[in-house]
Amino acid sequence: MSSGTGVNPVEAMSEAEEAEALAEAMVFLGTDVEAAVEGLAAAVSEHVSSGLADYELDTMEHIRRVAQNGINLAQNVQGADLAITDSDHESAEEYQEGLEALDIQINF
Numbered sequence: 003m004s005s006g007t008g009v010n011p012v013e014a015m016s017e018a019e020e021a022e023a024l025a026e027a028m029v030f031l032g033t034d035v036e037a038a039v040e041g042l043a044a045a046v047s048e049h050v051s052s053g054l055a056d057y058e059l060d061t062m063e064h065i066r067r068v069a070q071n072g073i074n075l076a077q078n079v080q081g082a083d084l085a086i087t088d089s090d091h092e093s094a095e096e097y098q099e100g101l102e103a104l105d106i107q108i109n110f
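Numbering (our numbering), first residue to last: 3 to 110.
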């Protein structure tokens, strides 16, 4: 999004799409972590496997939180973008109505 006043709706939607892509990537990362831990569990002793199970649970919880935050971010940006676009549209209509009400003749 731009650093000045106002919001470019196209850029805002692009930001929302990036947040959504992040959330999707986290889902795939979770699948990769599960597969990696399964491979490790088969290769280590029973004494280490309980630690791997704890690691997997903790890691999956963190991945789930990041994915949920990405989804929330995407939804919030999309919602804000829609609200801004609606507000801009309403303002433009009010401005147009005001100009028409003034009935100013402009000669060129």
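Note that CB positions come from ideal geometry on N, CA and C, so glycine has one too.
May I have the straight-line CA-CA distance separating residue 41 from residue 47, to the nearest angstrom? In the sequence shown, counting from the first residue as 1, residue 41 sits at position 39. In the sequence shown, counting from the first residue as 1, residue 47 sits at position 45. It is roughly 12 Å from the alpha-carbon of residue 41 to the alpha-carbon of residue 47.
Distance between residue 24 and residue 62 (C-alpha atoms, nearest Å): Here residue 62 is taken as the residue at index 60 of the sequence shown, counted from 1. Here residue 24 is taken as the residue at index 22 of the sequence shown, counted from 1. About 15 Å.
Under 8 Å between the Cβ atoms of residue 17 and residue 68? By one-based count along the sequence shown, residue 17 stands at place 15. By one-based count along the sequence shown, residue 68 stands at place 66. For residue 17 and residue 68, no; Cβs fall outside 8 Å.
Would residue 65 pass as a contact of residue 39 if the rule is Cβ separation under 8 Å? The residue labelled residue 65 in the question sits at position 63 within the sequence shown. The residue labelled residue 39 in the question sits at position 37 within the sequence shown. Cβ atoms of residue 65 and residue 39: not closer than 8 Å.
Helix, strand or coil at residue 16 according to DSSP, with G and I counted as helix: The count along the sequence shown starts at 1 and reaches residue 16 at position 14. Assignment of residue 16 by DSSP, reduced to helix, strand and coil, places it in the helix class.
Please classify residue 56 as buried or exposed, where buried requires at least 16 neighbouring CB atoms within 10 angstroms. As a first step, residue 56 must be located in the sequence shown, where it is residue number 54. Sixteen is the threshold: since fewer than 16 other Cβ atoms of the shown chains lie within 10 Å of the Cβ of residue 56, the residue is exposed.
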